[in-house]
Structure formats: C-alpha cells, structure tokens
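J.: Under our numbering, the first residue of the sequence shown is numbered 1, with each subsequent residue one higher.
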Amino acid sequence: MAARAKRLGLVCLLFLAVAGPSRPGLLGASSQQPGSSKTVQPASARRIVSLVPSLTETLFAIGAGSNVVGVGTFDNFPPEVKALPRVGALIDPDVERILALRPDLVVTYGSQTQLETQLARVNIRTFSYRHGGIREILESLKELGAATGHTQDATALAARITAQLDAIRARVRGLKRPRTLLVLDRQPGALREIYASGGLGFMHDMLEAAGGDNVFADAKSESVQPSTETLIARAPDVIIEVRAEGLIEPSKVAAERNVWSTLASLPAVRTGRIHLLTGSQLVVPGPRVAQGTEMLARALHPDAFK
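1) Excluding five sequence neighbours on each side, which residues of the same chain lie with their C-beta closer than 7 Å to the C-beta of Gly46?
2) For chain B, is any of its Cβ atoms less than 9 Å away from the one on Thr113?
3) Just reading off the alpha helix (DSSP H) that Thr293 is part of, what are its end residues?
4) Secondary structure at Ile240, three-state DSSP: helix, strand or coil?
5) Do Phe77 and Arg288 have their C-beta atoms closer together than 9 Å?
6) Gly133 and Leu184 - do their beta-carbons sit closer together than 9 Å?
7) From His204 to Leu115, what does the alpha carbon distance come to, in whole angstroms?
8) Can you list, in chain order, the residues of its chain with a C-beta nearer than 7 Å to that of Val259? Leave out the 5 residues immediately preceding and following it.
9) Between which residues of its own chain and Thr293 is the CB-CB distance below 7 Å, once the five residues before and five after are set aside?
10) Output needed for Thr58: all residues of its chain with C-beta closer than 6 Å, excluding positions within five of it in sequence on either side, in chain order.
11) Using 8 Å as the cut-off, can you tell me whether the segment 246 to 258 makes contact with the segment 117 to 129, which would need three or more C-beta pairs spanning the two stretches below that distance?
12) Buried or exposed for Thr108, going by 16 or more other Cβ atoms inside 10 Å?
13) Helix, strand or coil for Val224 per DSSP?
14) For the beta strand (DSSP E) containing Leu105, list its first residue and its last residue.
15) Should Leu175 go down as buried or exposed, given a rule of 16 or more other Cβ atoms within 10 Å for buried?
16) Are Thr180 and Asp237 touching if we call contact CB-CB under 9 Å?
17) Using a Cβ-Cβ cutoff of less than 6 Å, which residues in the same chain neighbour Phe305 once the five nearest sequence positions on both sides are dropped?
18) If you count every other CB in all the chains shown that lies within 10 Å of the CB of Ala264, and 16 or more means buried, which is it?
19) Within 10 angstroms of its Cβ, does Ala255 collect 16 or more other Cβ (buried), or is it exposed?
20) Using the Cα positions of Asp213 and Val224, report the straight-line distance between them to the nearest angstrom.
21) In the DSSP assignment, find the alpha helix (DSSP H) that holds Phe202 and state where it starts and stops.
22) What would DSSP say about Asn214, mapped onto helix, strand or coil?
23) Arg186: which of Arg257, Lys220 and Gly63 sits nearest, CA to CA?
24) Go through its chain and collect everything with a Cβ distance to Arg243's Cβ below 6 Å, but skip five positions before and after it.
25) For Thr56, which option in Tyr129, Ala100 and Tyr195 has the closest C-alpha, if you only look at C-alpha atoms?
26) Spatial neighbours of Ser50 within its chain, please: CB distance less than 8 Å, with the 5 preceding and 5 following residues excluded, ordered by chain position.
27) State the Cα-Cα distance for the pair Glu139 and Leu276, rounded to the nearest angstrom.
28) Where does Asp94 sit, in a helix, a strand or coil, going by DSSP?
29) Would a C-beta distance cut-off of 9 Å place Gly88 and Arg97 closer than the cut-off?
30) Going by C-alpha to C-alpha distance, which of Leu157, Pro85 and Ser111 sits closest to Ala61?
31) Starting from Ala196, trace the beta strand (DSSP E) in both directions and tell me its first and last residue.
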C-alpha cells in the first residue's frame with residue numbers, strides 16, 4: 001500500500017502540475033494582488049517552505065538549504081530533507097503547518113492558486129512553479145537563486161548543467177537516433193494505463209539530448225496515453241521506462257520488462273531493447289537533470305560511453 005501511495009503521489013506531481021503556462025515566478029504578498037507577478041526583487045528569503053521536490057533539490061544545490069524549514073510529502077533528496085517537517089504536497093497542502101513554520105517564502109505548484117491566495121493574505125510570498133522543458137529548469141533555478149540571495153551560485157550551477165548536457169550531446173552526435181518510446185508510468189504487471197512522454201516538457205528534452213527520437217514528438221503535450229494499436233503503429237526501436245527509486249522491487253524488474261512480450265511485433269521487443277531505469281534524477285526536473293539524461297544516453301548508445 002505504501003508503494004502504491006508513493007506511485008500515485010509521484011504521478012500527481014508529474015502530470016497534474018503541468019497544466020497552464022510553464023513560466024515560474026515570484027508572486028507578491030501585500031504590495032500586489034494575489035497571483036500577480038512582482039517586477040522588483042524583494043529581500044532575500046530566509047525561512048523557506050518548499051512543496052516542489054525539484055525546487056527543494058535546487059535550493060540545496062545553490063546553497064540555500066540551510067534556509068529550508070519545511071518540505072513536501074514526496075521530498076527525499078538530498079538526504080538532509082528527511083529531517084525536516086512535512087507539510088503536504090500538490091493536492092493536500094497543510095496550511096496550518098506551513099504557517100506554524102513562519103516562512104517568508106513558500107515554493108508552490110502553479111496549480112495551487114488557492115494556497116497562493118491564502119498565503120498572500122497573510123503577507124507570505126510564493127514562488128509559483130510549473131513544469132516545462134530544460135530551458136525552464138535553468139530559468140527557475142536562476143530565479144530561485146535571485147529570490148534567496150544566491151544569484152552567483154545559481155548562475156554557476158546553471159552553467160555546469162548546460163556544459164554537462166552539451167557534453168552528452170557531443171558524445172551521441174552523428175550516431176543513429178533510435179525511435180524511442182519513453183514510458184513514464186503504467187499499471188504494474190500490465191500494458192494498461194500507459195503514460196508516455198509527448199513532444200513537450202523536460203522528459204522529451206532529456207530524450208532528445210540523449211540521442212533518441214521520441215515516437216510521440218508530434219504530440220503537443222507533456223504526456224500521452226497511447227492505445228496498443230497506436231504503439232504498434234509507432235513501432236519504437238527502443239522502449240525505456242523510467243521510475244523514481246523504490247517504486248519497483250529489483251526482483252520484479254525482469255518480469256516488468258517481460259510484460260512487453262505481448263507486443264512481439266514491436267521492433268524493440270524483437271531485439272530486446274527494453275530498458276527499465278530507476279532514479280529520481282530521471283523524473284525530477286531539477287539540478288540532476290544532466291545525470292538523468294546521461295542514464296538515457298547510456299541506454300540508447302552504450303558504445304558511446306565505453
């Protein structure tokens with residue numbers, strides 16, 4: 001039951017928070033109407049509550065971790081967050097617990113407009129975040145750096161991530177790009193309730209940087225739910241499934257890969273090019289995005305990393 005609850009929670013974080021504009025930003029409190037963007041940067045935040053795992057990671061990566069006083073239900077990286085108070089997540093934020101921590105900045109999902117309004121009424125700023133592509137990851141990193149007084153650290157981190165991604169692209173440049181199905185979630189033990197990466201968002205960007213061609217690149221959304229017939233028609237050369245750690249027991253990996261054998265006509269099934277990769281760096285759009293991209297690249301082009 002715990003694993004199922006974690007899976008459902010992470011699916012919510014991955015899919016329910018993506019609707020609407022992807023641009024992150026600092027929202028004002030007393031000097032602006034709730035939900036309006038501030039154009040003048042206020043004082044640096046000193047007590048931060050983060051409901052967004054990717055930005056919790058970012059806060060620690062840019063040197064603002066000591067200012068984080070509370071985190072969301074699904075935050076588990078870096079290890080330091082495990083000792084911090086939990087205040088709910090996307091669909092169940094605990095306003096009383098958040099207020100009890102006396103934050104001067106709360107990092108929220110852009111879909112949490114009611115929470116943002118409540119916090120604005122008591123003069124607490126929010127940094128409103130929505131998933132986007134790799135460009136948005138780097139933009140939100142730098143904006144969060146500015147909001148917390150760590151502009152230089154954030155700029156340097158963004159530059160390192162960019163260099164790491166460029167190095168991966170250089171390794172796979174000129175190699176044949178396999179048509180790839182990138183599966184984000186499905187029902188365990190069955191080819192039902194499949195969610196795959198569409199042609200928008202950070203997962204698509206990671207796959208492209210890793211040297212694969214997304215079979216659903218034409219879908220103008222971050223995720224699609226393909227039918228069996230659609231999968232057969234798209235005929236992927238490679239299937240990569242990604243999960244956060246702890247969602248699949250190591251003893252069940254082979255069985256989960258074997259589920260695809262029912263679609264024997266797929267080129268990926270015929271050649272055995274089915275990969276099941278685990279690690280939050282694969283599914284969390286934060287400062288480890290280059291590490292996740294390299295994992296995809298090694299699965300797609302193992303010879304390029306020998």
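Note that beta-carbon positions come from the ideal geometry of N, C-alpha and C, so glycine has one too.
Note that this is a predicted model, so its numbers are computed, not measured.
T.: Quick look at the numbers:
1) Here residue 46 is taken as the residue at index 46 of the sequence shown, counted from 1. Reading off the sequence, residue 46 comes out as Arg, not Gly. Result list for Arg46: Asn67 and Asp104, in chain order.
2) Here chain B cannot be found, since the structure has a single protein chain.
3) As a first step, residue 293 must be located in the sequence shown, where it is residue number 293. Taken as a continuous stretch (DSSP letters only), the alpha helix (DSSP H) holding Thr293 covers Val289 to Leu300.
4) Taking the sequence shown and counting its residues from 1, the one referred to as residue 240 is at position 240. Strand.
5) As a position in the sequence shown, residue 77 is number 77, starting the count at 1. As a position in the sequence shown, residue 288 is number 288, starting the count at 1. Their beta carbons are under 9 Å apart, which means Phe77 touches Arg288 by this criterion.
6) Here residue 184 is taken as the residue at index 184 of the sequence shown, counted from 1. Here residue 133 is taken as the residue at index 133 of the sequence shown, counted from 1. Taking 9 Å as the Cβ cut-off, Leu184 and Gly133 do not qualify as a contacting pair.
7) Your numbering for residue 204 matches position 204 in the sequence shown. Your numbering for residue 115 matches position 115 in the sequence shown. Their backbone Cα atoms lie some 30 Å apart in a straight line.
8) Within the sequence shown, residue 259 is the residue found at index 259, counting from 1. Only Gly189, Ala190 and Leu191 meet the Cβ criterion.
9) Counting from one through the sequence shown, the residue named residue 293 turns up at place 293. Only Leu165, Ile168, Met206, Ala209 and Ala210 meet the Cβ criterion.
10) For the purposes of this step, residue 58 is taken as residue 58 along the sequence shown, with counting starting at 1. Excluding positions up to five away in sequence, the list reads Leu141, Leu144, Gly286 and Pro287.
11) no
12) Translated into positions along the sequence shown, residue 108 becomes position 108. Burial call: buried.
13) Translated into the one-based positions of the sequence shown, residue 224 becomes position 224. If DSSP states are grouped into helix, strand and coil, Val224 belongs with the strands.
14) Within the sequence shown, residue 105 is the residue found at index 105, counting from 1. Leu105 to Tyr109 is the extent of the beta strand (DSSP E) around Leu105.
15) In the sequence shown, the residue the question calls residue 175 occupies position 175. Leu175 should be labelled exposed.
16) Walking along the sequence shown from the start, residue 180 turns up at place 180. Walking along the sequence shown from the start, residue 237 turns up at place 237. In contact: Thr180 and Asp237 (Cβ atoms closer than 9 Å).
17) Residue 305 sits at position 305 when you count from the first residue of the sequence shown. Closer than 6 Å at Cβ, skipping near neighbours: Arg298.
18) Residue numbering aside, residue 264 sits at position 264 when the sequence shown is read from its first letter. Result: exposed.
19) Along the sequence shown, read from residue 1 onward, the residue named residue 255 stands at position 255. Ala255 should be labelled exposed.
20) Counting from 1 along the sequence shown, the entry for residue 213 is found at position 213. Counting from 1 along the sequence shown, the entry for residue 224 is found at position 224. Going by the C-alpha atoms only, they are around 16 Å apart.
21) The count along the sequence shown starts at 1 and reaches residue 202 at position 202. Where Phe202 is concerned, the enclosing alpha helix (DSSP H) stretches over Phe202 to Ala209.
22) Residue 214 sits at position 214 when you count from the first residue of the sequence shown. DSSP places Asn214 in strand when its eight states are reduced to three.
23) Counting from one through the sequence shown, the residue named residue 186 turns up at place 186. Ranking the options by Cα distance to Arg186, first place goes to Arg257.
24) Position 243 of the sequence shown holds residue 243. Thr278.
25) Sequence index remark: in the sequence shown, residue 56 carries index 56 (1-based). Nearest option by C-alpha distance: Tyr129.
26) In the sequence shown, the residue the question calls residue 50 occupies position 50. Only Thr56, Leu59, Val68, Gly70, Val71, Gly72, Asp75, Val106 and Val107 meet the Cβ criterion.
27) The residue labelled residue 139 in the question sits at position 139 within the sequence shown. The residue labelled residue 276 in the question sits at position 276 within the sequence shown. When rounded, the distance between both Cα atoms is 30 Å.
28) As a position in the sequence shown, residue 94 is number 94, starting the count at 1. Looking at Asp94 - three-state DSSP - the assignment turns out to be coil, as it is neither helix nor strand.
29) As a first step, residue 88 must be located in the sequence shown, where it is residue number 88. As a first step, residue 97 must be located in the sequence shown, where it is residue number 97. Yes.
30) The residue you call residue 61 lines up with position 61 of the sequence shown. Ranking the options by Cα distance to Ala61, first place goes to Leu157.
31) For the purposes of this step, residue 196 is taken as the residue at position 196 of the sequence shown. First-last of the beta strand (DSSP E) with Ala196: Tyr195 to Ser197.
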